[in-house]
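**Student:** Take this structure, written in structure tokens, and hold onto it; I'll ask about it next.
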Ligand code: ADP
Ligand code: MG
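In our numbering, the protein residues as written are 12 to 503.
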């Protein structure tokens, strides 16, 4: 019988780093790290074969999958000495996506799965930390509601903001256990309103709901678009990793962060990254709190910082490339949740490749292969003189949709762009967003600036294709009738 589910935990895994096609990059590297003795929370990975069969068979799983998941879940419960849904001491898991090629943020993840009205009380009592327990439950309802049940996420955000306002606090961390109970009640109401059902209380139903959503996210619009843009083809699909939770939201001795073994923008051989205390998962990239630099972790917990430095060195040596890692600290204990070869700028790619040859980590031939055509392309674009950056006045920021530097007079329409360029002027096209009929004006512009739209917006995609510098999603830029306003500055 085919094997669909691969366990990792307790220093040994059924998979390894050579199995990316089957376990996805995330699953294969979690297995590899487990085998290396790096502290990774145990779990199991459902293979990409299941995803392939799921879509071949009208979204039905292979017949033996349920039994195999049950067996591996039992194994995980035995190892963790906790049971999913146990009303006194529940096991909580995350359900994570991950294809052979990394598609950061494009697919879905659900954290804190296994909580319900009873288990949350058990967790509060068992940990003697009600605030943490209710915070985890409200996070779970929010994530599961959004990702699995299709409830608009802004309604949750609105409810959370409401409770914060009524308590006159600005940070999530300032909410007490009782405040969070109120948030949970509001959240449950939102779920009921949209799904006409109560929030699912059975952990097995929750688990299969989450697994289905992650496999489903392989074919969501943004994932398809991302594969198209990045020319990612011939993959079987995503794997699904079910992993025991560790909690950065436990309290002030806990936290979560992202780090790189070298600086991904300059390539300098310096430890680089950010973290947030008393936070979980995507708080680092999303939240309203500003993360701290990784070096500040040394002041908070020297032992954890030193251990993290050791691990990043170990991982970089083993994978022989710059690593991008996720970590969580729970009550002063460090866990690694992900590692992958880090994305980098063209400048960093060259610096890292050359440095690694000098460090005798890779050969010259490998170094050349590490620098892609896109990296070279990036390096050949004009850029702002690094010496000038220190004194230049930054008007606003947006997304780095397409690299390079551009200079020209502002135009507001594609027609004006074409007209002015014919007159011998250089122009920068500024718009709320762009659409296919703007293409003529986009081609002749030195650069493009949009106030809305992400990295996959029309402006961003077209600009990248043409090699034209583009900043998209510069939300502070208010585009009016032939005038833009950026805070106090008006430009005509
Ligand atoms: P993505 O592929 O979008 O990065 P991830 O599966 O890596 O999604 O998860 C999103 C966030 O949740 C990451 O910050 C990750 O570290 C965190 N996370 C995932 N699983 C766990 C877990 N078992 N315990 C604690 N945090 C987790
Ligand atoms: Mg991740």
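All residues carry an ideal CB built from backbone N, CA and C; glycine is no exception.
What is the residue span of the alpha helix (DSSP H) that residue 59 lies within?
**Tutor:** Mapped onto the chain shown, residue 59 falls at position 48. Element bounds for residue 59: 59-67.
**Student:** Would you say the beta carbon of residue 238 comes nearer than 6 Å to a heavy atom of the ligand ADP?
**Tutor:** Within the chain shown, residue 238 is the residue found at index 227, counting from 1. False, no ligand heavy atom lies under 6 Å from that Cβ.
**Student:** Say whether the stretch 160-170 touches the stretch 227-242, bearing in mind that this needs 3 or more beta-carbon pairs closer than 8 Å, one atom from each stretch.
**Tutor:** no
**Student:** Which runs of the alpha helix (DSSP H) at least 4 residues long sit entirely within the stretch 428-455? Give them in chain order.
**Tutor:** 450-455
**Student:** Does the Cβ of residue 337 lie closer than 6 Å to at least one heavy atom of the ligand MG?
**Tutor:** On the chain shown, residue 337 is found 326 positions in, with the first residue counted as 1. Residue 337: yes, Cβ under 6 Å from the ligand MG.
**Student:** Hey, is residue 311's beta-carbon within less than 7 Å of any beta-carbon in chain D?
**Tutor:** In the structure shown, chain D does not exist; there is a single protein chain.
**Student:** Cβ of residue 212 versus every heavy atom of the ligand MG: is any distance shorter than 6 Å?
**Tutor:** Taking the first residue of the chain shown as position 1, residue 212 is located at position 201. Result no, Cβ not under 6 Å from the ligand MG.
**Student:** Please name the residue or residues paired with residue 286 in a DSSP beta bridge.
**Tutor:** Here the question's residue 286 lines up with position 275 in the chain shown. In the DSSP output, where bridge partners are listed per residue, residue 286 has 268, 303.
**Student:** Is any non-hydrogen atom of the ligand ADP found closer than 6 Å to the C-beta of residue 120, if you look at the structure I gave you?
**Tutor:** Translated into positions along the chain shown, residue 120 becomes position 109. True, at least one ligand heavy atom lies under 6 Å from that Cβ.
**Student:** Suppose contacts are defined by Cβ-Cβ distances below 7 Å. Is residue 253 in contact with residue 55 by that definition?
**Tutor:** Position 242 of the chain shown, counted from the first residue, corresponds to residue 253. Position 44 of the chain shown, counted from the first residue, corresponds to residue 55. Cβ atoms of residue 253 and residue 55: closer than 7 Å.
**Student:** Buried or exposed: residue 383, going by 16 or more other Cβ atoms within 10 Å of its Cβ?
**Tutor:** Position 372 of the chain shown, counted from the first residue, corresponds to residue 383. Exposed, by the Cβ-count rule.
**Student:** Whole angstroms are fine: how far does the CA of residue 155 sit from the CA of residue 221?
**Tutor:** The residue labelled residue 221 in the question sits at position 210 within the chain shown. The residue labelled residue 155 in the question sits at position 144 within the chain shown. Each residue's Cα considered, the two are about 7 Å apart.
**Student:** Using a Cβ-based criterion (distance less than 6 Å to any ligand heavy atom), does residue 349 qualify as near the ligand MG?
**Tutor:** Here residue 349 refers to the residue found at position 338 of the chain shown. Within the cutoff, so yes.
**Student:** Output the boundary residues of the beta strand (DSSP E) element that contains residue 108.
**Tutor:** Residue numbering aside, residue 108 sits at position 97 when the chain shown is read from its first letter. Where residue 108 is concerned, the enclosing beta strand (DSSP E) stretches over 104-110.
**Student:** What did DSSP end up calling residue 475 once you bin it into helix, strand or coil?
**Tutor:** Residue numbering aside, residue 475 sits at position 464 when the chain shown is read from its first letter. DSSP places residue 475 in helix when its eight states are reduced to three.
**Student:** Using 10 angstroms around the beta-carbon of residue 381, count the other beta-carbons present and answer buried if the total reaches 16, otherwise exposed.
**Tutor:** Counting from one through the chain shown, the residue named residue 381 turns up at place 370. So residue 381 counts as buried.
**Student:** Can you check which of these residues, 46, 331, 499, is closest to residue 378 by C-alpha distance?
**Tutor:** Here residue 378 is taken as the residue at index 367 of the chain shown, counted from 1. The candidate whose alpha carbon is nearest that of residue 378 is 331.
**Student:** Return yes when the C-beta of residue 292 is under 6 Å from any heavy atom of the ligand ADP, and no when it is not.
**Tutor:** As a first step, residue 292 must be located in the chain shown, where it is residue number 281. Residue 292 Cβ: within cutoff of the ligand ADP.
**Student:** Comparing the CB of residue 254 with every heavy atom of the ligand ADP, is any distance shorter than 6 Å?
**Tutor:** As a position in the chain shown, residue 254 is number 243, starting the count at 1. Correct: residue 254 has its Cβ closer than 6 Å to the ligand ADP.
**Student:** Distance check for residue 433 and residue 246, CA to CA, integer angstroms please.
**Tutor:** Residue numbering aside, residue 246 sits at position 235 when the chain shown is read from its first letter. Residue numbering aside, residue 433 sits at position 422 when the chain shown is read from its first letter. One C-alpha to the other measures close to 46 Å.
**Student:** So, helix, strand or coil for residue 470, using DSSP?
**Tutor:** Walking along the chain shown from the start, residue 470 turns up at place 459. Three-state DSSP puts residue 470 in a helix.
**Student:** Would you give the residue range spanned by the beta strand (DSSP E) that residue 49 belongs to?
**Tutor:** Taking the first residue of the chain shown as 1, we reach residue 49 at position 38. No beta strand (DSSP E) holds residue 49; DSSP gives it neither H nor E.
**Student:** Comparing the CB of residue 149 with every heavy atom of the ligand ADP, is any distance shorter than 6 Å?
**Tutor:** Reading the chain shown from its first residue, position 138 is the one you call residue 149. No, the beta carbon of residue 149 sits no closer than 6 Å to any heavy atom of the ligand ADP.
**Student:** So does the stretch 234-244 actually touch the stretch 128-138, counting three or more Cβ pairs closer than 8 Å?
**Tutor:** These segments do not touch.
**Student:** Quick one: is residue 177 buried, meaning 16 or more other Cβ sit within 10 Å of its Cβ, or exposed?
**Tutor:** In the chain shown, the residue the question calls residue 177 occupies position 166. By the 10 Å Cβ count, residue 177 comes out exposed.
**Student:** Please classify residue 369 as buried or exposed, where buried requires at least 16 other C-beta atoms within 10 Å of its C-beta.
**Tutor:** If you number the chain shown from 1, residue 369 lands on position 358. With fewer than 16 other Cβ atoms within 10 Å, it is exposed.
**Student:** Tell me whether residue 324 is buried or exposed, calling it buried when 16 or more other Cβ atoms sit within 10 Å of its Cβ.
**Tutor:** For the purposes of this step, residue 324 is identified with residue 313 of the chain shown, where counting begins at 1. Exposed, since its Cβ has fewer than 16 Cβ neighbours within 10 Å.
**Student:** Among all the DSSP beta bridges, which residues are the ones paired with residue 255?
**Tutor:** Here residue 255 refers to the residue found at position 244 of the chain shown. Paired residue(s): 104.
**Student:** What residues in its chain sit with their C-beta under 8 Å from that of residue 390, if we drop five residues either side in the sequence?
**Tutor:** Here residue 390 is taken as the residue at index 379 of the chain shown, counted from 1. If we look at residue 390 and ignore the five residues flanking it on each side, its Cβ neighbours are 357, 358, 361.
**Student:** Are there any heavy atoms of the ligand ADP lying less than 6 Å away from the beta-carbon of residue 381, as far as the coordinates show?
**Tutor:** By one-based count along the chain shown, residue 381 stands at place 370. Closer than 6 Å to some heavy atom of the ligand ADP: that does not describe the Cβ of residue 381.
**Student:** Sorted by chain position, which residues of the same chain lie with C-beta nearer than 6 Å to residue 186's C-beta, five sequence neighbours on each side aside?
**Tutor:** Here the question's residue 186 lines up with position 175 in the chain shown. So the list is empty, once near-sequence residues are dropped.
**Student:** At the level of alpha carbons, what is the spacing between residue 365 and residue 275?
**Tutor:** Residue 365 sits at position 354 when you count from the first residue of the chain shown. Residue 275 sits at position 264 when you count from the first residue of the chain shown. The alpha-carbon atoms of residue 365 and residue 275 are separated by roughly 14 Å.
**Student:** Short of 7 Å in beta carbon distance, which residues of its chain neighbour residue 284, apart from the five on each side in sequence? Order them along the chain.
**Tutor:** The residue labelled residue 284 in the question sits at position 273 within the chain shown. The residues are 268, 269, 270, 271, 305.
**Student:** Can you pull the DSSP bridge partners for residue 339?
**Tutor:** By one-based count along the chain shown, residue 339 stands at place 328. For residue 339, which the question treats as bridged, DSSP gives the partners 267, 346.
**Student:** Classify residue 210 as helix, strand or coil using the three-state DSSP reduction.
**Tutor:** One-based indexing of the chain shown puts residue 210 at position 199. In the three-state reduction of the DSSP assignment, residue 210 falls in the coil class.
**Student:** So, do the stretch 65-75 and the stretch 38-54 have three or more beta carbon pairs nearer to each other than 8 Å?
**Tutor:** no
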